[in-house]
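Quick note on my numbering: the sequence shown kicks off at 41 and runs consecutively. Take a look at the structure set out below.
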Amino acid sequence: MKWIRYEEGFKPIYTGMGITLVFFLFALIYSLILPAACFAAVFAMFSFQNIYYSKVGKDLKLLPTRSRSRFLIGTVNEVLFEFENGKIPIWNGTLTLSIEDSVLPVVDNHHHFSGIFDFSVPFAIGSGEKVRISIPLEGRKRGLSRITRMTIEVPHIFGEGSVLMELAEPIKQESLVYPKITPLIGKLQPSPFRPGEVDQRHSLFHDKFQPVGTRDYVPTDRFDQIHWTASARMQKLQTKEYLPVTEQSILFVMNAIEKPRSPQDFDLKIERLASYADYCTRNAIPFSVVINIHTFGATPYMYLPTGIGKTQYQKTLEMLAVLSDKNAKLPFENVLQKVESKGVLPPTIVLITHEPERYSPFVKRWSKHNTVELDCFYEGAAINGSGTD
41 MKWIRYEEGF KPIYTGMGIT LVFFLFALIY SLILPAACFA AVFAMFSFQN
91 IYYSKVGKDL KLLPTRSRSR FLIGTVNEVL FEFENGKIPI WNGTLTLSIE
141 DSVLPVVDNH HHFSGIFDFS VPFAIGSGEK VRISIPLEGR KRGLSRITRM
191 TIEVPHIFGE GSVLMELAEP IKQESLVYPK ITPLIGKLQP SPFRPGEVDQ
241 RHSLFHDKFQ PVGTRDYVPT DRFDQIHWTA SARMQKLQTK EYLPVTEQSI
291 LFVMNAIEKP RSPQDFDLKI ERLASYADYC TRNAIPFSVV INIHTFGATP
341 YMYLPTGIGK TQYQKTLEML AVLSDKNAKL PFENVLQKVE SKGVLPPTIV
391 LITHEPERYS PFVKRWSKHN TVELDCFYEG AAINGSGTD
């Protein structure tokens with residue numbers, strides 16, 4: 041563990057040691073026992089301080105604890121640091137941290153400037169000890185927060201000097217703040233025109249392994265649908281009824297390009313997408329995500345494959361948390377064309393974008409075979425379309 045040391049106030053110590061030594065020698069020459077003893081005690085004090093502060097902190101280690109803490113906006117979580125010390129104890133020290141401002145340190149002494157929070161906490165550790173320091177942090181805004189600087193200051197016991205140690209190695213502690221989530225009002229309807237496993241009252245398809253009852257026979261019913269036991273009991277033909285099911289999978293496509301003169305547009309879209317992901321997770325709906333942010337690889341845009349449940353939800357939130365409006369972006373029309381060229385689209389597609397009229401050709405074309413929702417919620421508009429195969 042490498043620390044960069046900045047020593048301040050040692051010159052007065054050396055000066056004091058020299059002056060005290062001179063007076064001590066004069067006292068010995070003139071046989072002044074009591075003054076000589078006083079000067080010797082002062083010299084010993086200066087010598088101890090000099091030796092102590094020249095060695096303090098050289099064996100101090102920050103034990104590696106690579107971790108990522110996760111926050112919702114407004115929630116508080118604790119970050120732990122574990123230190124191990126050598127032979128020289130540290131007394132009356134101050135630990136100062138600089139952390140990016142996605143999180144807010146819940147301490148009294150903190151300062152904020154240029155996207156960084158600086159805060160201090162007391163620090164002390166004995167000889168050969170291990171100590172853990174717990175610092176509460178509160179999720180402040182969406183983003184990834186890293187510790188950019190760590191220093192430990194040990195003030196001189198006598199005098200105004202100090203030893204300042206700055207950690208020269210990166211700290212592998214991260215705080216991830218998820219986007220704000222607002223419960224959706226309304227319901228995303230599955231498409232009734234594709235077979236699947238989702239219960240849908242008006243679906244054209246039925247699950248033969250989930251009978252739900254019987255009804256009176258009509259001439260259009262097939263022979264293998266007759267429930268003979270129920271027919272014998274009712275003394276008239278009865279037809280089996282099965283659970284109507286359909287496919288329900290949603291593709292969310294978000295336009296990361298900001299609306300002109302709307303600095304909050306990017307974050308609003310991310311919060312909207314996070315709210316959709318929350319809705320799908322609560323209702324057990326599979327979903328995938330496409331964002332027109334440039335990436336390197338076979339897929340030039342950001343893509344999260346179809347998944348379901350809490351694992352997919354966490355992947356989505358972590359992906360959205362680290363996005364920045366400074367990322368390179370692709371034209372939204374180009375990404376829609378690439379998505380269309382991939383083949384069969386999911387039964388439900390949600391486009392999260394501004395300027396909906398620019399993308400109406402895609403909505404009209406996809407609506408022939410899919411349920412399409414063009415969501416421009418902050419403009420008070422949502423264009424829906426649906427179609428059949």
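All residues carry an ideal CB built from backbone N, CA and C; glycine is no exception. Being a predicted model, the structure only gives us computed values, none of them experimental.
Going by beta-carbon coordinates alone, are Phe159 and Val171 separated by less than 8 Å? By one-based count along the sequence shown, residue 159 stands at place 119. By one-based count along the sequence shown, residue 171 stands at place 131. No, Cβ-Cβ distance for Phe159 and Val171 is not below 8 Å.
Between which two residues does the alpha helix (DSSP H) containing Phe402 stretch? Along the sequence shown, one-based indexing puts residue 402 at 362. Counting along the chain, Phe402 sits inside the alpha helix (DSSP H) bounded by residues 400 to 406.
Leaving out the 5 sequence neighbours to the left and right, which residues in its chain are closer than 6 Å to Ile44 when beta-carbon positions are compared? Indexing the sequence shown from 1 puts residue 44 at position 4. Hits under 6 Å: Glu206, Ala208.
Using a 10 Å radius around the Cβ and a threshold of 16 neighbouring Cβ atoms, would you call Arg189 buried or exposed? If you number the sequence shown from 1, residue 189 lands on position 149. Exposed is the call here.
Unbroken stretches of the beta strand (DSSP E), 3 residues or longer, contained in the stretch 311 to 382: 327 to 334, 341 to 347
Whose C-alpha, out of Glu47, Leu291, Ala272, Phe336, is nearest the C-alpha of Val203? The residue you call residue 203 lines up with position 163 of the sequence shown. Cα-wise, what sits closest to Val203 is Glu47.
Ignoring anything shorter than 3 residues, give me the beta strand (DSSP E) runs that lie fully in the stretch 140 to 179, in order along the chain. Considered as a whole, the stretch 140 to 179 harbours 143 to 145, 150 to 153, 156 to 165, 170 to 179 as its complete beta strand (DSSP E) runs of no fewer than 3 residues, in chain order.
Rounded to a whole number of angstroms, what is the C-alpha to C-alpha distance between Leu177 and Leu360? Position 137 of the sequence shown, counted from the start, is the residue given in the question as residue 177. Position 320 of the sequence shown, counted from the start, is the residue given in the question as residue 360. Going from the Cα of Leu177 to the Cα of Leu360 covers about 20 Å.
Please classify Val329 as buried or exposed, where buried requires at least 16 other C-beta atoms within 10 Å of its C-beta. The residue you call residue 329 lines up with position 289 of the sequence shown. Val329 comes out buried.
Taking the alpha-carbon positions, what's the Ile187 to Asp365 distance? Counting from 1 along the sequence shown, the entry for residue 187 is found at position 147. Counting from 1 along the sequence shown, the entry for residue 365 is found at position 325. Going from the Cα of Ile187 to the Cα of Asp365 covers about 22 Å.
Sort Gly155, Thr105, Ile173 by Cα distance to Thr136 and report the nearest one. Residue numbering aside, residue 136 sits at position 96 when the sequence shown is read from its first letter. Nearest C-alpha to Thr136: Ile173.
Where does Val194 fall in DSSP's three states? For the purposes of this step, residue 194 is identified with residue 154 of the sequence shown, where counting begins at 1. Val194 falls in the strand class under three-state DSSP.
Beta-carbon separation (whole angstroms), Ile348 vs Ala317, contact threshold 8 Å: Translated into positions along the sequence shown, residue 348 becomes position 308. Translated into positions along the sequence shown, residue 317 becomes position 277. Not really, about 11 Å apart at Cβ, beyond 8 Å.
Give a yes or no on contact between the stretch 286 to 302 and the stretch 393 to 403, applying the rule of three or more CB pairs nearer than 8 Å. yes
Roughly how many angstroms lie between the CA atoms of Ile225 and Leu291, to the nearest whole one? Against the sequence shown, residue 225 aligns to sequence position 185. Against the sequence shown, residue 291 aligns to sequence position 251. Rounded to the nearest whole angstrom, the CA to CA distance from Ile225 to Leu291 is 19 Å.
Which term fits Pro162, buried or exposed, when burial requires 16 or more other beta carbons within 10 angstroms of its beta carbon? Counting from 1 along the sequence shown, the entry for residue 162 is found at position 122. A residue is called buried once 16 or more other Cβ atoms fall within 10 Å of its Cβ, and Pro162, having fewer, is exposed.
Going by the C-beta, is Thr260 closer than 7 Å to any heavy atom of the ligand FMN? Judged by which ligands are present, the structure shown has none, so any question about the ligand FMN falls away.
Limits of the unbroken alpha helix (DSSP H) element including Phe88: Locating residue 88 in the sequence shown gives position 48, counting from the first residue. From DSSP, the alpha helix (DSSP H) with Phe88 extends over 73 to 95.
Could you check what DSSP says for Gly58 in three-state terms: helix, strand or coil? The residue you call residue 58 lines up with position 18 of the sequence shown. Looking at Gly58 - three-state DSSP - the assignment turns out to be helix.
In three-state terms, what does DSSP make of Ile69? Sequence index remark: in the sequence shown, residue 69 carries index 29 (1-based). DSSP places Ile69 in helix when its eight states are reduced to three.
So Lys280 and Thr254 are in contact, right, with Cβ under 8 Å, and what is the actual spacing, rounded? Taking the first residue of the sequence shown as 1, we reach residue 280 at position 240. Taking the first residue of the sequence shown as 1, we reach residue 254 at position 214. Yes, Lys280 and Thr254 are in contact; Cβ-Cβ is about 6 Å, under 8 Å.
Beta-carbon proximity check, Ser215 vs Ser142, cutoff 8 Å: Here the question's residue 215 lines up with position 175 in the sequence shown. Here the question's residue 142 lines up with position 102 in the sequence shown. Taking 8 Å as the Cβ cut-off, Ser215 and Ser142 qualify as a contacting pair.
Between the alpha carbons of Gly337 and Tyr343, how many angstroms are there, rounded? Reading the sequence shown from its first residue, position 297 is the one you call residue 337. Reading the sequence shown from its first residue, position 303 is the one you call residue 343. So the two alpha carbons sit approximately 11 Å from each other.
When you compare each of Leu144, Gly168, Gly201, Leu308 to Arg180 by their alpha carbons, which one comes out closest? Within the sequence shown, the letter at position 140 stands for residue 180. For the residues Leu144, Gly168, Gly201, Leu308, the minimum Cα distance to Arg180 belongs to Leu144.
Between Gly133 and Val194, how many whole angstroms is the CB-CB distance? I'm expecting something under 8 Å. By 1-based counting over the sequence shown, the position of residue 133 is 93. By 1-based counting over the sequence shown, the position of residue 194 is 154. That belief holds up - the Cβ atoms of Gly133 and Val194 are roughly 5 Å apart, short of 8 Å.
Candidates Arg301, Phe121, Glu140, Lys369, of which the one nearest Arg182 by Cα: What you label residue 182 is simply residue 142 of the sequence shown in a count that begins at 1. Looking at the Cα atoms, Glu140 is the closest of the given residues.
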